[in-house]
Structure formats: C-alpha cells, structure tokens
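What follows is a short report on a single structure.
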Amino acid sequence: MFLPRGFTLRPKPAWNVARVATSFVLSHIVRRPVVWGTPISIMMEPISRCNLQCPLCPIGARELKRDLGTMSLDSFVKILDNVGTNVRVLALWNQGEPTINDKLPEMLRIAHDRGIYTMTSTNGNLLLRRNLISRLIDSGLDELIFSIDGLTQETYQIYRIGGHLDVVVEAIRTMRQRRDELKRKTPRMVMQWLPMKHNEHEIPFLRAKAREWGADEVEIKTTQIYTDEQAAQYLPNMEGLRRYERKGKKWETKRRYQSCKRLWFSTMIDWNGAVVPCCFDKDEDFPMGNALTQDFCEIWHCEQYNRFRMTLIRKGRAEEMCQNCTEGLKSFYVPLGKLERENSKSQIPITESSNRSNSFAVWSLEFGLWSFLSSPANERTVLLKKSPVKISSFGNSNAWA
Ligand SMILES: C[S@@+](CC[C@H](N)C(=O)[O-])C[C@H]1O[C@@H](n2cnc3c(N)ncnc32)[C@H](O)[C@@H]1O
Ligand code: SF4
C-alpha cells in the first residue's frame, strides 16, 4: 500500500479511517449522507496573500473576493485542537504564499510533534530571504512542493509573474545541501510543474534539471483554466498534458467518476477559521461554520455540510465550483507512460520513468473504495526515481487547484 513516507496509523486513527470509509460507501448505497468519524486530512490556509501574480491563480490575479489575512499561531493551535486527533495529514496551504507567514515553521513543528504528516507548497522566492531553509528542515516538515513552471527565466516568468528562477533554484540547492549535511531525508523536495503552451517544450529536460538542482521528484500537474481565452493562451498543445477535452463548444474535465470523497475524508479551513467544503471554494461561497468559534464536530455534521454531501450523492457534482474540481480527474497528475506514448510522435526523449498505478493522498481509497467507484486511482508522475515512493498529495493537493 502506498502511503506517505514516514506516515503511521495508530489504532484510534485507523479505526477512524475505517469509519469514514464505511460511511462514505454507505452514503452512496442509501443515497443520503451518513457521516461517521472526523476528517483524516485537513488543508489549512496560513495566509491568503502572495508575492507573485500568477495569472490563473485567484490570488495572483487579485480576484479573490473574500477578506485577505494571516492565520496567527494561536488560531492555528486552536483549530488543530478543535479538529481533533484523527487528523493524520496536514496540507498547510491554500490561496496565497505560505512562506509569507512568519509562523509557518512553528505551525509545521506543532503538527509534526502531534504525529501528523505535514506538507506545504511554495513558489520558493522567499525561502532564502526569510532564512526559512533551516527552520523548515528543523520543523520536521515531511514534504515541500516547489512550484516551478519554467527552466529559464524567460519561460518561468510568463506564469510566475514577479518571480526569479535563479532565487528559487538557489533555495532548492541550499535546502538540499543542508538536508544532506544533516543526513536527513525530509522534507521531501518535489518540483511541481504546470504544463502550459509556453513551457511544454521543456518537459524532456525536467528530470535532469530537477536532479541537478537537488529536488527528489518532479510531478506534472495539469493546469486549471477558467475561460476560453485562458484555454487558448495557456493549455498545452499536447492533449495528454491537459485535464480538459473539447465537448462541442465547451472545455470539460476528463473524469473517471463523478462523486467526491473529500466531503467525508477532509476539510478546508481558511486563515480566519472559516470551514469550507474544499479548496475549490476560493471565495467562501459555501461556509459551513467557523473552527475558531464553533465546535468542529458540530460543523462537520451541520445541515449545510450534509446538504452539500446530499447534492454530491444525488448529482455527482454539486455546484458550479465542482465542475473544475480535480476529484476523479483522469489527468490530474500526468502519468509518464501516457506522456511517453503521446510524445513518441513528437520524439520527446524521456528515457527513465516509474509510473505509479496509484497516487495521491487518498490512500483511503486503498481500503476498497476505488473498486466501489469502479475507477483506477489517479497517477502521479515520478521522474527521478525508479522505485515508486509514495507521498500523499490530495489534491491537491492544490493539488488542490
Ligand atoms: C495557489 S498555490 C499556493 C501555494 C504557493 N503559492 C505555490 O504557488 O505553490 C497552490 C498550488 O496551486 C498551483 N497552481 C497555481 N495555478 C494553478 C493552475 N492554474 N492550475 C493548477 N494548479 C495551479 C500552484 O502551482 C501550487 O502548487
Ligand atoms: S499560484 Fe502560488 S505563487 Fe502564484 S499567485 Fe497563486 S499563490 Fe502566489
């Protein structure tokens, strides 16, 4: 079974996983929400501000409609206490750049000390300037995602507007060097690549570059778009690198299945304590409650949450925001085998690979849910290793976008 490295499951959280999984399956059999147990994974937003202006990101495009702010350390602890001890995985990011929050290492340390597998995602531009390298290593952080979508400053800055590739590369090199000096294996350093029209020609060189810079893995996460204009400007030409297919005049996500596990397995908590169904509710359009002022268990079982779950059970996709969701996507993380097949025509010389027949975070599906939904797991491309080493990524990690 592929679980995050260093991930452990003691009897009580294991029992919770069994309850959550059973209630998810049961809900689809009786066609109404049955909710047992509490979230196994949570995503928390340490800050909703960013130093860059990535054009397809609501924060980068300055399009987020809700209040912007920073989660304090006190709030973080209060929320973690409130959500309870069943949480086993923390994805500490949402909208915004986590490294702007000075308390990020402390937050990660607290979660790590509670035995939670920790992950965060960064554009990497502030790691050196804010002296975060050693603090992040010392925090016990399990996985650090570097968002990089260009191998030269010229291609990098087309999406990461305001960013400096040389600064990010220096941060990766420095972190790898310090990690090696300390003889540590964590944080696992993942170079995450969004394939777009302007960078797809660089994919053949990704693996070598990532290795040269000191990353452990490369993952290719398909790019989300919202409009036809964005599709024309950003979607890569290579079909296998897109999460969308053309249906008539519309772009639609390629899906393996419709329903959604996230409303049973995980939750999303913004910087201000607002609990929303998942990271796709960027503007808090579906607030379920506030984890700073209300008991989380009450929120988890509240009427709005169950109404949302009911719509998922009945219709598969709930609201407009669900149409662009990564849950059940065929091509969230692009599997290398598929890439190789599609690339054979264009002679892209990818030579070494290890395809994962299973991916991300929802290791819970390994408890039999996948067959229930009759669909194989998503795949995540791992270019640097021959042996499959799995980590979790929910989707999202931003994955989760
Ligand atoms: C909103 S960012 C926040 C964390 C951090 N600022 C970063 O860029 O990694 C979270 C994730 O969304 C990804 N992302 C940004 N724009 C995206 C898009 N259009 N489609 C898919 N993922 C996207 C980022 O690369 C990152 O992995
Ligand atoms: S994707 Fe990350 S780096 Fe880019 S604007 Fe959004 S939050 Fe900032």
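Numbering of the sequence shown is given in this note's numbering, commencing with residue 3 and proceeding in unit increments.
A virtual CB, placed ideally from N, CA and C, is assigned to each residue, including glycine.
Neighbourhood of residue i by C-beta, 8 Å cutoff - its chain only, sequence neighbours within 5 removed
i, result
"ILE118", "VAL89, ARG90, VAL91, LEU92"
"ALA233", "ILE227, TYR246, TRP253"
"LEU58", "TYR161, THR225, GLN226, ILE227, TYR228, GLN232, TYR236"
"SER74", "LYS105"
"HIS114", "THR120, SER141, GLY142, LEU143, ASP144"
"MET312", "ARG34, PRO35"
"ASN308", "PRO35, VAL37"
"ASP230", "TRP253"
"ASN326", "GLN226, TYR228, THR255, PHE282"
Helix, strand or coil at residue i according to DSSP, with G and I counted as helix
i, result
"VAL220", "strand"
"LYS251", "coil"
"ILE49", "strand"
"SER149", "strand"
"MET191", "strand"
"VAL37", "coil"
"LEU243", "helix"
"ILE42", "coil"
"ARG178", "helix"
"ARG213", "helix"
"ARG68", "coil"
"ARG186", "coil"
"HIS200", "coil"
"GLU368", "Legend: pLDDT at GLU368 = 37, less than 50; position of this residue unreliable, value from coordinates given subsequently. Three-state result, GLU368: helix."
"SER399", "In this prediction, SER399 scores a pLDDT of 33, lower than 50, which makes its location untrustworthy; the coordinate-derived value is nonetheless stated afterwards. In this structure, SER399 counts as strand in the three-state DSSP scheme."
For residue j and residue i, believed in contact at Cβ under 8 Å, the rounded distance
i, j, result
"VAL37", "SER25", "6 Å"
"MET240", "PHE282", "Not confirmed; about 25 Å, so no contact."
"CYS299", "THR40", "7 Å"
"LEU138", "PRO100", "Not quite, the Cβ-Cβ distance comes to about 10 Å (not below 8 Å), so this is no contact."
"ILE81", "LEU294", "7 Å"
"ASN127", "VAL169", "5 Å"
"TRP195", "GLU214", "Actually they do not touch by this definition, with Cβ atoms about 15 Å apart."
"ALA173", "LEU129", "4 Å"
Nonlocal neighbours in the same chain, by C-beta distance under 6 Å from residue i, ignoring five residues either side
i, result
"MET191", "LEU146, ALA217, ASP218"
"CYS280", "ARG264, MET270"
"ILE205", "none"
"LEU167", "GLN155, TYR158"
"GLY164", "LEU54, GLN55"
"SER261", "LEU314, GLY318"
"GLN306", "MET290"
"TRP95", "THR122, SER123"
"ASN84", "ALA293, PHE298"
"ILE350", "Confidence in ILE350 is poor, its pLDDT being 36 and thus under 50, which makes the residue's placement unreliable; the coordinate value appears in the next sentence. Here the set comprises PRO206."
"MET177", "ILE135"
"TRP266", "VAL22, PHE26"
"ILE301", "VAL277, MET290, GLY291"
Contacts around residue i, its chain only, beta-carbon distance under 7 Å, and the 5 residues preceding and following it disregarded
i, result
"HIS200", "THR157, ILE160"
"ARG181", "ILE139"
"LEU211", "For clarity, residue 211 is Lys in the given sequence; the question names Leu instead. Same-chain partners within the cutoff: LEU153."
"GLY71", "SER50, TRP273, ASN274"
"ARG175", "TRP215, GLY216"
Check: residue i C-beta below 7 Å from any heavy atom of ligand 4
i, result
"ASN326", "The model depicted lacks ligand 4 and carries ligand 1 and ligand 2 instead."
Runs of alpha helix (DSSP H) lying entirely within the region 267-324, each at least 4 residues, in chain order: Taking only runs of at least 4 residues, the alpha helix (DSSP H) segments lying wholly in the region 267-324 are 298-302, 305-317.
Contact between the region 29-36 and the region 44-58 is defined here as three or more beta-carbon pairs at a separation below 8 Å; is this criterion met? no
Of all the alpha helix (DSSP H) runs that stay within the bounds of the region 8-35, which reach a length of 4 or more residues? Runs of the alpha helix (DSSP H) inside the region 8-35: 13-32.
Using 8 Å as the cut-off, can you tell me whether the region 98-108 makes contact with the region 147-162, which would need three or more C-beta pairs spanning the two stretches below that distance? no
Could you pull out every unbroken alpha helix (DSSP H) segment of at least 4 residues lying fully inside the region 86-174, listed in chain order? Segments of the alpha helix (DSSP H) lying fully in the region 86-174: 106-115, 135-140, 155-161.
Is the number of C-beta pairs between the region 52-72 and the region 15-24 that are closer than 8 Å three or more? Result no; under three Cβ-Cβ pairs closer than 8 Å.
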